[in-house]
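Asker: Just dropping this structure here.
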Amino acid sequence: MKRIRTQVVPDDGVETAVPALEPLLIEIHEKGRAGRHVRGGDDAARAIPAEFARKAPLALPELTEPQVVRHFTHLAQMNYAVDTGMYPLGSCTMKYNPKVNDRVASLPGFADIHPTQPDDTVQGALALLFELERLLAKVTGMDAVTLMPAAGAQAEFTAILMFKAYHAKRGEGAKRRRVIVPDTAHGTNPASAAMCGYEVTTVKSDAHGNIDLAALKTALGDDVVGLMLTNPNTLGLFEERLREVCEAVHAVGGLVYGDGANMNALLGIARPGDLGFDCIHINVHKTFSTPHGAGGPGAGPLCVKTALEPYLPKPRIVRDAEGAYHRDTSGTDRWRGPGLGESIGQIRTFQGNFGVLVRAYTYMRTLGEEGLAEASNDAILAANYLLAQLRDSYEVAFDRPCMHEFVLSASRQKKQGASALDIAKALIDEGFHPPTVYFPLVVSEALMIEPTETEPRETLDAFAAAMIRIADRVKTDPASVKAAPQHAPLARLDEVSAARYPKLKWQRPT
Amino acid sequence: MNNNPYSPHTDADRAAMLKRVGIKSVDELLTAIPKDALRPKLGLPAGLSEIEIQQHLESLATKNRTASSGPFFLGGPVQRRYIPAAVPVLALRGEFLTAYTPYQPEVSQGTLQAMFEYQSLMSELLLMDVVNSSMYEGGSAVAEAAFMAVRATGHKKVVIASDVYYQFRRTLKAYARGPELEIVEVPTAELPSQADGAACLIVQHPDAFGGLVDVRPIVAAAHAVGALAIQVIEPHASALLEPPGALGVDIAVGEGQPLGIPMSYGGPYLGILACRVELVRQMPGRIVGETHDARGTRGFVNTLQTREQHIRREKATSNICTNEAIAAITASVYLALMGPQGLRAAASLSVSRAHELARRLAAVPGCSVAMSGTFLDRFALRAPIGGFDLRWKLLREANIIAGDATLDHYPGRDDLILQCTELTTEADMGALEVAMTRVLADAREKVALR
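Here you go:
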C-alpha cells in the first residue's frame with residue numbers, strides 16, 4: 100500500500116515527490132480541521148498576563164478523528180509484534196502477553212487513582228503491591244523488595260546506589276571505587292556503574308562460557324564495590340562455578356548484583372537468593388509477561404537480602420497490625436515519621452509503574468507455583484529443542500546444554516558471503532522477527548535466540564526450517580540473502596546517513 | 054496437563070521435544086545448578102482461572118476510591134484529564150503494545166514513525182530543537198537533565214528551585230548520590246544568585262503551586278556564567294504560556310502523563326526531555342531520525358546511538374534502555390486528536406476553573422489564596438487548619454479529595470494545593486465550597502468551646 104506524497108524540500112522550497120509508506124501527521128494537516136473533544140475556556144486569557152502569554156505559534160497539526168484513527172491504524176499495521184508472530188529476540192523474553200492482564204490494569208479502580216491519594220483511599224492498590232513484593236521475594240529467594248524502578252537499568256542504578264550506601268556505612272565508601280562486570284554483560288551494567296561514579300573492570304569469559312574465575316580473582320581487591328552478574332548469562336548458560344564466584348567477591352568485602360534479565364530460565368528451577376546473590380532485579384516485562392510497549396514501559400522490581408534492606412528506596416509499602424497498608428512506616432500518608440534513615444531516597448517520582456505491576460501480579464497469580472515452574476521448564480526445553488535442530492547448520496558459540504536461550508555464530512556463513520545481519524533480514528522475509536544480533540560481544544557474528552515457552556512446537560519447527568533454508572541459501576546464493584528483506588514494508592534503511600545528517604523532527608510546511 | 058494456561062505444549066509435544074534433544078527429562082540440562090538449590094518449593098499459591106483472577110483483581114480495584122467517584126482536586130505532575138476515546142483504542146493496539154524496541158526498522162516502521170511524530174509534536178509544543186523518544190517519568194528526566202548539564206559544563210553543582218515539585222527534587226537528590234553532585238535548593242527568586250560555579254539552574258514554570266515565573270532573568274543569569282538553564286514544564290501550560298524554546302532555555306523537562314495517559318497510581322508515565330541541538334550528543338535515551346530505505350522510500354530509524362549504553366557501555370550518556378515508548382505513542386495520538394484548539398481549550402478551561410474556584414474559596418471565612426503572583430490552573434490555599442488536617446477532614450466528611458498538602462515538602466508552607474482541569478465541574482467546586490465552609494466553621498466552634 101505504497102503512496103506517493105509531495106514534500107517541500109526546505110533548501111530551495113521546491114516540491115519533490117517522496118515515496119512514503121504513510122504520510123506524517125503534518126502532511127495531512129489542513130487549517131480549520133478540528134475535532135470537538137474539549138471546547139470552551141475562552142475567558143482564560145484574561146487570567147494570563149501578556150508578558151507570560153504564548154506568542155509563539157502553536158503549530159500542531161489540525162486533523163479530524165477519522166484521519167487520526169486511520170493514520171495510527173496504518174502505522175500499527177507496519178509493526179511486527181508478539182501478537183503477530185514469533186519474536187525470538189535473545190535476552191528480551193518476548194513471550195505471549197495475556198489480555199486479561201491488560202484488562203484488569205485498566206479497571207477504573209486501578210487506572211483512575213492518583214499517586215498521592217491518601218493511603219486510606221487506595222487500600223486495594225497498596226495490598227496488591229504488598230502481595231506482589233512477597234511473591235517476588237519467594238520466587239527469587241530474597242528478603243525484601245522495592246517495586247519502584249521503572250526498568251531493569253533503573254534497578255541496576257538503584258542497587259549500585261545501595262551498594263554505595265552500604266560501603267559508606269562501613270567506612271569504606273572512599274576506598275571502594277570499582278565495579279566488576281563480565282565481558283558478556285548487557286551494556287546497561289557498566290553504564291549503571293559509571294553513573295554511580297565508579298570505574299568499571301571487565302573480566303573475560305572462559306572457554307566454557309563462564310566468567311573466568313581466575314581472571315575474576317585477579318581483578319578482585321579491597322577496592323571493589325561488587326560484581327554485576329547475569330545468570331544464566333547472555334550466552335544462555337548457567338554459570339558453572341557460581342557459588343565460588345560469589346564467595347570470591349564476598350571474600351574481599353564486595354557485593355554480588357544479579358541482573359535478572361534471564362530470570363525466565365529460573366522460575367521454580369533455582370532461586371538467586373540460594374546461589375550467593377545479594378540482590379537481583381526482575382524485568383517483569385520479560386519474565387512476567389507484561390507487554391514491552393514498543394520499547395517500554397517495563398518495571399524492574401529489586402529484590403534484596405536483609406543486609407541491604409535498610410538502603411532500599413523510600414517510600415516502602417508496609418502493613419500495620421490492623422492489616423491496613425501504608426507507604427513508609429509513619430502510619431499516615433505524610434512522609435514524615437522516621438524520614439529517610441539509611442535509605443537512598445526516592446529514585447523516581449512515585450511508587451512505581453503500577454499499571455505494569457498489576458499485570459505482573461495478575462500473571463503470577465494466574466500461573467501460580469506450578470505454572471511458573473512449568474513456564475521455565477518449557478522455555479528451557481524449547482531453546483534446547485531449537486538448538487538441536489540448528490547445531491548442524493550454524494556454529495554453536497559454546498556447545499553445552501543451554502538454558503532458555505542460546506547463541507549461534509554465523510561466522511561460517513560470514514565466510515560464505517552473508518553476515519549475521521543479512522541472516523536476520525532474510526528471516527524477516529521468512530515471516531519471523533530476527534533474533535538479537537551481534538550480542539553478546541564475545542561471540543563473532545552472534546545470533547542470540549530465545550524462543551520462550553509460548554511458541555507452539557510447529558512454530559519452532561517452522562523457525563528452524565527457515566534458519567536452515569537461509570543457511571543453505573548462503574552457501575549457494577549469498578547475494579540473495581544480502582538483498583533481504585524483499586517482503587517487509589521497507590527494504591534496508593540507511594542508518595549511516597540518518598546519523599550523519601540528523602533529521603529528528605518534521606519540517607513544517609511553510 | 055498444562056499448569057501454565059498460556060503454554061501451547063501437549064505432553065506429546067514435550068515428549069517429542071525431549072526426544073529430539075536426546076534426553077529423558079529437562080533435569081539432564083540442569084547439571085550446572087547446585088543440587089541443593091535445584092527445583093525449590095517457592096510457597097506460592099496455586100494458579101487461578103481467568104474468571105477467578107478477574108474477580109480477584111476487581112475485588113482489589115473496588116477498594117480504591119477512584120478520582121471520578123467524587124470531587125477531586127489533586128494534581129501536580131500527574132493530572133486527571135480527559136482522555137479522548139480513540140486514544141487507548143489506537144495506542145494500545147497489539148501491534149504497538151506487544152512489540153519490542155525497534156531494533157529491526159524494516160518491521161518496526163509503525164513504532165518508529167509514531168516516535169518521530171512524538172518528537173515533532175513535542176518540539177512544536179515546547180519550541181525546542183530536539184526531543185528524545187521518552188524517559189521514565191518527570192522526576193528522573195529532571196535528574197538526567199542535570200547530568201547532561203554536569204557533562205556539558207564540567208561543574209558538579211546543581212541549583213534547583215525549592216518551588217519545583219518535591220517528588221522531582223527528591224528524585225534528583227537520590228540520583229545525585231551516584232556521581233556525588235552538590236545539590237543546592239533555594240527559592241526561585243534566589244536562583245540567579247547561586248549561578249556561580251553551577252552546572253545548571255533548574256526552575257519550574259508554572260511552579261509547584263501553579264505560580265507563573267519570569268524565566269528569562271534566570272536563563273540570563275545561568276548563561277552569564279556558562280551554566281545551563283533547565284525548565285520544568287507542563288504540557289498543557291505550554292499551550293498557553295510562552296514555551297521554553299522562546300525563553301532561551303537549554304533543556305526542557307517534564308511529566309507527560311497529562312497527555313492522554315491514565316493516572317494509574319504512579320505509572321507508567323512519560324518523561325519529557327528536550328534540548329537545544331548543540332546538546333544533542335549529551336542527551337540520554339533513544340532518538341528517532343528520518344532516513345530512506347534502499348529503494349528510496351522514506352523511513353525512520355533509531356539514530357545517534359553512539360550515545361547509548363548498548364554501544365558505549367560505561368561511556369554512555371545514560372544507562373537507560375527500556376523507556377516509555379507506548380506512553381510517547383499515546384501522547385502523539387492525544388495531541389493529534391486534540392489539535393491546537395483542543396489542547397488550548399483543555400488548558401484554558403483548567404485556568405478558568407482554577408480562578409473561579411480561588412474566587413469562591415477566598416470568600417469562605419478563614420480561607421485565603423496563598424499566592425504572591427499570578428497562577429495558572431492550580432493554587433495554594435491557606436486556612437486556619439494545617440493542610441494535612443484540612444485534607445483529611447474534607448475527605449472524611451464530604452468524600453472530597455482536596456489536593457496536596459505542602460508541609461514537609463515545601464519549606465515554610467502549610468497549605469493545600471488545589472488543581473483544576475477541564476474535568477473539574479461546577480458541582481465539584483460547589484461541593485468543596487460548602488464542605489470547606491462547614492469544616493472551618495466546625496473548627497472555629499471547637500476552638501470556641503475549648
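Quick note, the sequences are listed as chains A and B, same order.
The numbering of the first sequence is the numbering used here, which starts it at 100 and goes up by one.
The numbering of the second sequence is the numbering used here, which starts it at 54 and goes up by one.
Virtual Cβ for every residue (Gly too), placed ideally from N, Cα, C.
Residues of chain B with CB under 9 Å from A/K237, in chain order?
Answerer: The residue given as residue 237 of chain A occupies position 138 in the first sequence. Those within 9 Å of A/K237 in chain B are L95, G96, L97.
Asker: Looking at the strands, I want to know which residues DSSP matches up with A/Y356.
Answerer: To locate residue 356 of chain A, count along the first sequence from 1; it is residue 257. DSSP, once it has assigned bridges, lists A/M327, A/C378 as partnering A/Y356.
Asker: May I ask you to report which of helix, strand or coil DSSP gives A/R433?
Answerer: Here residue 433 of chain A corresponds to residue number 334 of the first sequence, with the count starting at 1. Because the pLDDT at A/R433 is just 44, under 50, the model does not fix this residue reliably, and the value given afterwards should be weighed accordingly. Three-state DSSP puts A/R433 in coil, outside helix and strand.
Asker: Report all residues from its chain with a CB closer than 8 Å to the CB of A/D282; omit the five preceding and five following residues, and keep chain order.
Answerer: Position 183 of the first sequence holds residue 282 of chain A. Closer than 8 Å at Cβ, skipping near neighbours: T301, V302, K303, S304, P539, L540, V541.
Asker: Could you work out which residue in A/L466, A/Q445, A/L559 is closest to A/M261 when comparing CA atoms only?
Answerer: Working through the first sequence from its first residue, we reach residue 261 of chain A at position 162. Of A/L466, A/Q445, A/L559, the residue nearest in Cα terms is A/Q445.
Asker: Can you list the residues of chain B that A/L188 reaches, using a CB-CB cut of under 8 Å?
Answerer: Residue mapping note: residue 188 of chain A aligns to position 89 of the first sequence, counting from 1. Ordered by position in chain B, the residues that pass the 8 Å Cβ test against A/L188 are Y153, Y156.
Asker: Give the DSSP bridge partners of A/T301, in chain order.
Answerer: Residue mapping note: residue 301 of chain A aligns to position 202 of the first sequence, counting from 1. Beta-bridge pairing links A/T301 to A/V280.
Asker: If the criterion is Cβ atoms closer than 9 Å, does the pair A/T287 and B/Q362 meet it?
Answerer: Here residue 287 of chain A refers to the residue found at position 188 when the first sequence is read from its first residue. Here residue 362 of chain B refers to the residue found at position 309 when the second sequence is read from its first residue. Yes. Within cutoff.
Asker: In chain B, what lies closer than 7 Å to A/A587 by C-beta?
Answerer: Here the question's residue 587 of chain A lines up with position 488 in the first sequence. Those within 7 Å of A/A587 in chain B are E159, V160.
Asker: Which residue comes first and which comes last in the alpha helix (DSSP H) that contains A/F453?
Answerer: Locating residue 453 of chain A in the first sequence gives position 354, where the first residue counts as 1. Here the alpha helix (DSSP H) through A/F453 covers 453-489.
Asker: Take B/F221 as the anchor and find which of A/T163, A/A347, A/F449, A/G440 has the nearest alpha-carbon.
Answerer: Working through the second sequence from its first residue, we reach residue 221 of chain B at position 168. It is A/F449.
Asker: Keeping to the same chain, check which residues put their C-beta closer than 6 Å to that of A/A583; ignore five residues upstream and five downstream.
Answerer: To locate residue 583 of chain A, count along the first sequence from 1; it is residue 484. Closer than 6 Å at Cβ, skipping near neighbours: K524, A525, D528.
Asker: What is the rounded straight-line gap between the Cα of B/D66 and the Cα of A/T192?
Answerer: Mapped onto the second sequence, residue 66 of chain B falls at position 13. Mapped onto the first sequence, residue 192 of chain A falls at position 93. Rounded to the nearest angstrom, the two C-alpha atoms are 21 Å apart.
Asker: Leaving out five residues before and five after B/G439 in sequence, what residues of the same chain have Cβ atoms less than 7 Å from its Cβ?
Answerer: In the second sequence, counting from the first residue as 1, residue 439 of chain B sits at position 386. Correct list, in chain order: L460, D467.
Asker: Enumerate in chain order the residues of its own chain whose CB-to-CB distance from A/V244 is below 6 Å, with the five nearest sequence positions on each side excluded.
Answerer: On the first sequence, residue 244 of chain A is found 145 positions in, with the first residue counted as 1. If we look at A/V244 and ignore the five residues flanking it on each side, its Cβ neighbours are E232, L235, A236, P400, C402.
Asker: Inspect the beta-carbon positions of B/A299 and A/A144 and report whether they are closer than 9 Å.
Answerer: As a first step, residue 299 of chain B must be located in the second sequence, where it is residue number 246. As a first step, residue 144 of chain A must be located in the first sequence, where it is residue number 45. Cβ atoms of B/A299 and A/A144: not closer than 9 Å.
Asker: Any idea what DSSP makes of A/I567, helix, strand or coil?
Answerer: Sequence index remark: in the first sequence, residue 567 of chain A carries index 468 (1-based). A/I567 falls in the helix class under three-state DSSP.
Asker: So which residues of chain A does B/F262 contact, with C-beta pairs closer than 8 Å?
Answerer: Residue mapping note: residue 262 of chain B aligns to position 209 of the second sequence, counting from 1. Within chain A, no residue comes near B/F262; the closest Cβ sits about 15 Å away, beyond 8 Å.
Asker: On the DSSP letters alone, give me the boundaries of the alpha helix (DSSP H) that A/A252 sits inside.
Answerer: What you label residue 252 of chain A is simply residue 153 of the first sequence in a count that begins at 1. It spans 251-268 - the alpha helix (DSSP H) in which A/A252 sits, taken as one unbroken run.
Asker: Chain B beta carbons: is any one of them nearer than 9 Å to that of A/C345?
Answerer: In the first sequence, counting from the first residue as 1, residue 345 of chain A sits at position 246. False, the Cβ-Cβ gap to chain B never drops below 9 Å.
Asker: Where do the ends of the alpha helix (DSSP H) carrying A/R426 lie?
Answerer: By 1-based counting over the first sequence, the position of residue 426 of chain A is 327. Careful: A/R426 lies outside any alpha helix (DSSP H), inside the beta strand (DSSP E) at 424-426.
Asker: Whole angstroms is fine: what's the gap from B/V266's alpha carbon to B/P245's?
Answerer: For this step, residue 266 of chain B is matched to residue 213 along the second sequence. For this step, residue 245 of chain B is matched to residue 192 along the second sequence. Distance between the alpha carbons of B/V266 and B/P245 is about 13 Å.
Asker: Out of curiosity, what's the CA-to-CA distance linking B/L91 and B/E331?
Answerer: Position 38 of the second sequence, counting from 1, holds the residue named residue 91 of chain B. Position 278 of the second sequence, counting from 1, holds the residue named residue 331 of chain B. Near 54 Å, if we compare the C-alpha coordinates of B/E331 and B/L91.
Asker: By Cβ distance, which residues of its chain are closer than 6 Å to A/G516, with the 5 residues on each side in sequence left out?
Answerer: To locate residue 516 of chain A, count along the first sequence from 1; it is residue 417. Same-chain partners within the cutoff: P577.
Asker: Determine which residues of the segment 441-455 of chain A have a Cβ less than 7 Å from any Cβ of chain B, and write them out in chain order.
Answerer: Flagged, chain order: I443, G444, Q445, I446, R447, T448, F449, Q450, G451, N452, F453, G454, V455.
Asker: Roughly how many angstroms lie between the CA atoms of B/A480 and B/L410, to the nearest whole one?
Answerer: Stepping through the second sequence from its first residue, residue 480 of chain B is reached at position 427. Stepping through the second sequence from its first residue, residue 410 of chain B is reached at position 357. Their backbone Cα atoms lie some 11 Å apart in a straight line.
Asker: Which stretch, first to last residue, makes up the alpha helix (DSSP H) that contains B/K446?
Answerer: Residue 446 of chain B sits at position 393 when you count from the first residue of the second sequence. Run containing B/K446: 440-451, per the alpha helix (DSSP H) assignment.
Asker: Per DSSP, B/D306 is paired with what?
Answerer: Here residue 306 of chain B refers to the residue found at position 253 of the second sequence. A quick correction: the sequence has Val, not Asp, at residue 306 of chain B. Partner(s): B/V285, B/L326.
Asker: Using 8 Å as the cut-off, can you tell me whether the segment 362-381 of chain A makes contact with the segment 121-131 of chain B, which would need three or more C-beta pairs spanning the two stretches below that distance?
Answerer: Segments in contact, no.
Asker: Closest to B/S405 by C-alpha separation, out of A/D593, A/D141, A/L471, would be which residue?
Answerer: In the second sequence, counting from the first residue as 1, residue 405 of chain B sits at position 352. Of A/D593, A/D141, A/L471, the residue nearest in Cα terms is A/D141.
Asker: For A/S291, would you say it is in contact with chain B, using Cβ-to-Cβ distances shorter than 9 Å as the test?
Answerer: Taking the first residue of the first sequence as position 1, residue 291 of chain A is located at position 192. Chain B, which has a Cβ nearer than 9 Å to the Cβ of A/S291, makes this yes.
Asker: Using a Cβ-Cβ cut-off of 9 Å, state whether A/F538 counts as contacting chain B.
Answerer: Locating residue 538 of chain A in the first sequence gives position 439, where the first residue counts as 1. Chain B contact via Cβ: present.
Asker: Can B/N117 and A/G208 be called in contact, C-beta distance under 9 Å?
Answerer: Numbered from its first residue, the second sequence carries residue 117 of chain B at position 64. Numbered from its first residue, the first sequence carries residue 208 of chain A at position 109. Contact flag set, yes.
Asker: Any contact of the segment 380-394 of chain A with the segment 460-472 of chain A, i.e. 3+ C-beta pairs under 8 Å?
Answerer: As far as the Cβ criterion goes, the segment 380-394 of chain A touches the segment 460-472 of chain A, which means the pair count is three or higher.
Asker: Measuring alpha carbon to alpha carbon, tell me which residue in A/L206, A/N483, A/P217 is nearest B/F441.
Answerer: Position 388 of the second sequence, counted from the start, is the residue given in the question as residue 441 of chain B. Selected option, being the one with the closest Cα: A/P217.
Asker: Residues in its own chain within less than 6 Å of B/L388 by CB, not counting five upstream and five downstream?
Answerer: By one-based count along the second sequence, residue 388 of chain B stands at place 335. L174, listed in sequence order.
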